[in-house]
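K.L.:
Residue numbers (the working numbering): 148 to 735.
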């Protein structure tokens with residue numbers, strides 16, 4: 148039903164984009180609320196400090212946090228790992244101290260009867276308070292996004308053996324403290340810390356807030372990278388910061404946009420109350436959508452028994468929907484922020500994905516077949532110029548329609564033509580001998596080749612040896628291998644050889660060697676005459692007779708995004724002196 152129903156596929160696409168947008172929104176709100184709440188604790192020791200000064204300190208910390216992102220999750224993570232261990236040891240230890248000192252009877256709260264009593268006694272207020280309760284589990288919604296940066300096992304071990312026990316002890320200790328000091332509920336965390344530990348705890352809390360922010364920023368980079376590979380996000384530069392983990396990435400453009408958004412929210416809201424309301428909505432939305440998609444995984448991939456699926460939906464789904472309804476109650480008190488942010492991101496993602504798919508199918512429908520290419524190249528009215536031309540294309544199979552457009556307007560081709568498609572693979576390194584994959588377009592006399600260039604995310608181009616020089620050398624190697632392979636196939640087809648056959652074989656070998664030298668000379672001569680890089684730049688417009696919605700989508704929204712993003716020559720790292728752009732308009 149899902150595969151055949153267009154509406155359901157569209158609905159799933161929107162739901163996925165909403166979840167992705169909410170995670171990115173979470174990546175904006177987490178640094179704000181974490182750093183602002185940690186720095187706000189300084190008021191306990193310095194009453195004279197103002198709210199504006201706290202905001203300025205928080206902004207300075209946020210700028211520093213985003214500035215170190217380019218060093219990668221590994222370096223940032225290892226730098227702060229000892230601090231996070233000290234943080235969990237401190238909050239767990241202080242929790243045990245408060246539990247023993249103030250009121251050990253709070254352990255009774257484990258009994259579910261008290262939950263029922265709480266809701267019976269407070270009714271609507273109890274339901275509204277769930278919006279604050281949910282902030283105790285924030286961060287867990289990012290576990291799936293962080294899988295790209297760390298192994299599943301490491302997340303399971305750290306969560307179950309360190310994080311969860313420490314948090315339980317901390318909240319039990321704070322509950323004991325509040326039993327004796329229920330008037331201090333607004334600043335429980337810092338008020339419950341013993342005086343001698345205040346300053347060490349303040350420093351560690353600020354550092355821990357930075358680490359919590361780091362986790363969400365890393366998750367944001369990871370999920371944008373995945374969206375980009377699916378054609379659901381505009382083109383941005385991806386920098387891989389680890390040779391071991393493919394998911395550890397840094398995206399400069401996104402990093403600076405997140406930094407500006409964080410500073411704007413911190414300066415605009417100034418306190419954690421409204422940011423907390425916004426944060427709660429983002430977190431619960433991500434959790435609910437993750438659980439909903441997990442149901443699809445259970446049905447379609449794991450083939451889980453239907454009774455287990457229903458049990459999961461009834462238990463987990465009901466709990467999350469209750470929390471979701473509670474956080475949405477505070478929509479007007481800052482809760483609108485993540486939804487507005489998500490709406491903007493969803494619009495950008497939908498526009499890009501929609502036009503990306505239209506372009507892809509247009510190129511598939513209008514690509515040039517090998518037969519048509521031979522017909523074009525063999526046209527006697529077409530001039531062959533000395534030189535080697537590299538025509539860059541994103542199509543791995545077939546010749547892009549922009550080539551036909553180029554030939555129709557400039558009836559001339561270089562003596563050697565190579566169609567190059569550059570692909571980044573999700574592995575660290577591609578062996579040198581496997582990086583260039585050539586294929587000849589028949590007949591041989593055309594001197595037309597296809598070349599797929601594959602790079603891993605840690606492969607670095609040699610600045611001393613230009614890309615074009617390497618490609619020419621690999622092309623010559625391919626020509627030699629191709630001739631010898633074809634000769635070997637001919638020889639394998641002959642079983643019993645006579646003396647005459649052996650003499651013919653020697654003469655064939657000499658002829659093949661002459662042909663190889665002749666064709667390599669053609670390539671070298673073309674290379675010496677000059678190498679030109681031809682880049683297809685396609686403009687898209689709505690087709691004639693299109694509705695107003697389609698015209699806005701393609702002519703205005705998509706083209707605005709495209710003009711403000713990275714251009715293809717920057718992605719391919721092509722020398723500008725030898726670059727020629729070929730423009731073509733696609734009517735979609």
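Cβ atoms here follow ideal geometry from the backbone N, Cα and C, with glycine treated the same way.
How long is the line joining the alpha carbons of residue 303 and residue 289, rounded to whole angstroms?
P.N.:
Cα atoms of residue 303 and residue 289: separation of roughly 13 Å, rounded to the nearest angstrom.
K.L.:
What residue ranges within the stretch 441-528 form continuous alpha helix (DSSP H) runs of no fewer than 4 residues, ordered along the chain?
P.N.:
453-459, 465-475, 483-513 and 517-524
K.L.:
Which whole runs of the alpha helix (DSSP H) in the stretch 234-276 are 4 residues long or more, in chain order?
P.N.:
260-269
K.L.:
For residue 712 versus residue 383, is the C-beta spacing smaller than 9 Å?
P.N.:
yes
K.L.:
Leaving out the 5 sequence neighbours to the left and right, which residues in its chain are closer than 7 Å to residue 716 when beta-carbon positions are compared?
P.N.:
Its pLDDT being 46, under 50, residue 716 is placed unreliably in this model, and the value from its coordinates should be taken loosely. So the qualifying residues of the chain are 682 and 726.
K.L.:
Any idea what DSSP makes of residue 693, helix, strand or coil?
P.N.:
coil
K.L.:
In the DSSP assignment, what are the bridge partners of residue 559?
P.N.:
BP columns for residue 559 point to 530.
K.L.:
Compare the C-alpha of residue 527 against each of 558, 286 and 314 and name the closest.
P.N.:
Residue 527 has its Cα closest to that of 558, out of 558, 286 and 314.
K.L.:
Can you find at least 3 beta carbon pairs, one from the stretch 314-334 and one from the stretch 459-466, that sit closer than 8 Å?
P.N.:
With the cut-off at 8 Å, the stretch 314-334 and the stretch 459-466 do not touch.
K.L.:
Do you know offhand how far residue 732's Cα is from residue 542's?
P.N.:
17 Å
K.L.:
Would you kindly work out how many angstroms separate the C-alpha atoms of residue 372 and residue 347, rounded to a whole number?
P.N.:
38 Å
K.L.:
Check whether the Cβ atoms of residue 344 and residue 218 lie closer than 9 Å to each other.
P.N.:
no
K.L.:
Taking the alpha helix (DSSP H) that residue 337 belongs to, which residues open and close that run?
P.N.:
335-338
K.L.:
Should residue 423 go down as buried or exposed, given a rule of 16 or more other Cβ atoms within 10 Å for buried?
P.N.:
buried
K.L.:
Would the C-beta of residue 680 count as close to the ligand PLP, meaning under 8 Å from any of its heavy atoms?
P.N.:
This structure does not include the ligand PLP; it has no bound ligands of any sort.
K.L.:
Which word fits residue 421, buried or exposed, when buried means at least 16 other C-beta atoms lie within 10 angstroms of its C-beta?
P.N.:
buried
K.L.:
If we count the other Cβ atoms within 10 Å of its Cβ and call it buried at 16 or more, is residue 750 buried or exposed?
P.N.:
Because the chain here runs from 148 to 735, residue 750 falls outside it and cannot be looked at.
K.L.:
Per DSSP, which one or two residues make a beta bridge with residue 734?
P.N.:
688
K.L.:
Could you compute how far the alpha carbon of residue 327 sits from the alpha carbon of residue 335?
P.N.:
12 Å
K.L.:
Return the chain-ordered list of same chain residues with a C-beta closer than 8 Å to the C-beta of residue 233, the five sequence neighbours on each side being excluded.
P.N.:
Cβ-Cβ distances below 8 Å link residue 233 to 351 in the same chain, with the five nearest sequence neighbours on each side left out; the list follows chain order.
K.L.:
Taking all protein chains shown into account, do 16 or more other C-beta atoms lie within 10 angstroms of the C-beta of residue 301, making it buried, or fewer, making it exposed?
P.N.:
exposed
K.L.:
What span of residues does the alpha helix (DSSP H) with residue 354 cover, start to end?
P.N.:
345-376
K.L.:
If you pair each beta-carbon of the stretch 613-633 with each one of the stretch 572-588, do three or more pairs fall below 8 Å?
P.N.:
yes
K.L.:
If you reduce the DSSP assignment to three classes, tell me which class residue 727 lands in.
P.N.:
Annotated three-state conformation of residue 727 is strand, per DSSP.
K.L.:
I want to know whether the stretch 255-274 touches the stretch 395-414 - three or more CB-CB distances under 8 Å.
P.N.:
no
K.L.:
Suppose you measure from the CA of residue 369 to the CA of residue 498; what does that come to, to the nearest Å?
P.N.:
Residue 369 and residue 498: Cα-Cα distance of roughly 21 Å.
K.L.:
What three-state label does DSSP hand residue 379 in the structure shown?
P.N.:
coil
K.L.:
Whole angstroms are fine: how far does the CA of residue 177 sit from the CA of residue 354?
P.N.:
14 Å
K.L.:
Which stretch, first to last residue, makes up the alpha helix (DSSP H) that contains residue 202?
P.N.:
Counting along the chain, the alpha helix (DSSP H) containing residue 202 begins and ends at 198-214.
K.L.:
Whose C-alpha, out of 700, 503, 198 and 663, is nearest the C-alpha of residue 414?
P.N.:
If we check each option's Cα against that of residue 414, 198 comes out closest.
K.L.:
Which same chain residues, not among the five before or five after residue 216, have their C-beta less than 6 Å away from its C-beta?
P.N.:
397 and 402
K.L.:
Rounding to the nearest angstrom, what Cα-Cα distance links residue 284 and residue 184 in this structure?
P.N.:
About 16 Å.
K.L.:
Would residue 629 pass as a contact of residue 601 if the rule is Cβ separation under 9 Å?
P.N.:
no
K.L.:
Can the beta-carbon of residue 374 be found closer than 9 Å to that of residue 496?
P.N.:
yes
K.L.:
Express the C-alpha separation of residue 671 and residue 632 in angstroms, rounding to a whole number.
P.N.:
22 Å
K.L.:
From this set, 429, 428 and 457, which residue's C-alpha is nearest residue 441's C-alpha?
P.N.:
457
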